[in-house]
Amino acid sequence: AKRSAGTDFVVYEPGLGNTTSTRKDVVAELAQAIEDGELRTVYQPLIDLRSGRPIGAEALVRWQHPVDGLRSPDQFIGLAEESGLITRIGELVLGDACRQAARWVAECQGQDDLLVTVNLSARQVADDQIVDQVREALAASGLDPHRLVLEITETVLMQDRDAAAATLWLLKGLGVRIAIDDFGTGYSSLAYLRRFPIDMLKVAREFVDGLGRDAHDDVITRAIVELAGTLGLLTVAEGVETTQQSETVTALGCDIAQGYLFSRPIEADAVSAVMSASWLS
Ligand code: C2E
Ligand code: CA
Ligand code: CA
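For the sequence shown, the tail end lands on 854 under full-length UniProt numbering, and the numbers increase by one without skipping.
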């Protein structure tokens, strides 16, 4: 919870043992943490529903705090956005993700669909540095651009449409692919699916969660998958936690699934092990 304190914010941090620190303190701490290499990237496997095999992973940032332990992105991404530190964090995650994906590709020869996805927040899309960052991450890793999928939310697209469209087309020009994250939860103006170069829709966890229990969620998920099919977009079901959900999204024609049923986010080495075991067997 945040409350206004003059010009500053007071941030209550569960991880800090009930102490409060000013927003400036936390921003300074995050900046230092980035310097000190306390941020790292974990990966949640993506499962190809046709073959049942992992075909890649989503990169998710973690803050390994020396005293408080692991901090989840929900505890610091917002602040990173406001302060601009997200630019540096984004660069780190992009670098890690491309490097790891290039390694997975080398380890799993012949797995042509292998991909890695990376989240971009509003501020990153608004800033045209992102195009150079992506170009550099691809060049440094040697990763084939189409294996990199950048995830953005509908909200990002709707905020500053012209700037977002321009940036996405530049990114598209590098050969990367674009996904809409948490699809269906934002302002769903379907017109933007034509206006922006979109390749993939990620069906939000809140719909997947209700599958088989809430008829609305079945209808919404079916509609999203059909829309995607018509437009030639890949679909990913997010937050799959049960076998029933997995069977339902498979029956609905979803291409890919992701969720605790298959794996929590894990270290890059663990993803390597899972992928090689699956693809070399
Ligand atoms: P997201 O992009 O929607 O990522 C999915 C979140 O759902 C992840 O939380 C993941 O651990 C969690 N999740 C995956 N499967 C399941 C499941 O079956 N059940 C449930 N209950 N949860 C599941 P995480 O890693 O804590 O990330 C939270 C959010 O922080 C992300 O949501 C994303 O918006 C943001 N984020 C994470 N990493 C980055 C990053 O590198 N850059 C930016 N800009 N944002 C990031
Ligand atoms: Ca995401
Ligand atoms: Ca998501």
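Heads up, the beta-carbon is just placed ideally off N, CA and C, and yes, glycines get one too. From a predicted model like this one, the values you see are computed outputs, not experimental measurements.
Whole beta strand (DSSP E) elements within the segment 785–825, 3-residue minimum:
Runs found: 807–810.
At a threshold of 6 Å, does S694 count as lining ligand 1 (C-beta to nearest heavy atom)?
In this structure, ligand 1 has a non-hydrogen atom nearer than 6 Å to the beta-carbon of S694.
For E611, the three-state DSSP class (helix, strand or coil):
Looking at E611 - three-state DSSP - the assignment turns out to be coil, as it is neither helix nor strand.
Is it true that the CB of I628 sits closer than 7 Å to the CB of D685?
No, Cβ-Cβ distance for D685 and I628 is not below 7 Å.
At a cut-off of 6 Å, is D754 close to ligand 2 when judged by its beta-carbon and the heavy atoms of the ligand?
For ligand 2, at least one heavy atom lies less than 6 Å from the Cβ of D754.
Got a sec: does ligand 1 put a non-hydrogen atom nearer than 6 Å to the Cβ of E602?
No, ligand 1 has no heavy atom inside 6 Å of this Cβ.
Report the residue ranges of all beta strand (DSSP E) runs contained in full by the segment 723–761; include only those spanning at least 3 residues, in chain order.
Counting whole runs of 3 or more residues, the segment 723–761 contains the beta strand (DSSP E) stretches 750–756.
At 3 residues or longer, what runs of the beta strand (DSSP E) sit wholly inside the segment 623–688?
For the segment 623–688, whole beta strand (DSSP E) runs of length 3 or above, ordered along the chain, are 627–638, 642–644.
Which class does L774 belong to by DSSP, given the choice of helix, strand or coil?
It is a strand residue.
Just verifying my parser: in three-state terms, what is the DSSP assignment at residue 856?
The structure shown does not extend to residue 856, since the chain spans only 574 to 854, so no value can be given for it.
Take every Cβ of the segment 709–727, pair it with every Cβ of the segment 741–754, and state whether three or more of those distances are shorter than 8 Å.
They touch, by the three-pair rule.
Selection from G759, A801, G625 that minimises the alpha carbon distance to T728:
Comparing Cα positions, the closest option is G759.
Whole-angstrom distance between T740 and D701, CA atom to CA atom
Here the alpha carbon of D701 sits roughly 7 Å from the alpha carbon of T740.
Between the Cα of D609 and those of K597, Q637, D598, spot the shortest distance and give me the residue it belongs to.
Of the candidates K597, Q637, D598, Q637 places its Cα closest to the Cα of D609.
Please report the straight-line C-alpha distance between S624 and Q605, rounded to a whole angstrom.
Answer to the nearest angstrom: the Cα atoms are 44 Å apart.
With a threshold of 6 Å (Cβ to nearest heavy atom), would E814 be considered close to ligand 3?
E814: no, Cβ never under 6 Å from ligand 3.
For D782, verify whether its CB is less than 6 Å away from any heavy atom of ligand 1.
Not under cutoff, so the answer is no.
Which one or two residues does DSSP pair with L619 in a beta bridge?
Checking the DSSP bridge columns, you'll see L619 partnered with G629.
Going by DSSP in three states, A601 sits in which element: helix, strand or coil?
DSSP places A601 in helix when its eight states are reduced to three.
Below 6 Å, is the gap between the Cβ of E811 and the nearest heavy atom of ligand 3?
Checking every heavy atom of ligand 3 against the Cβ of E811, one is found closer than 6 Å.
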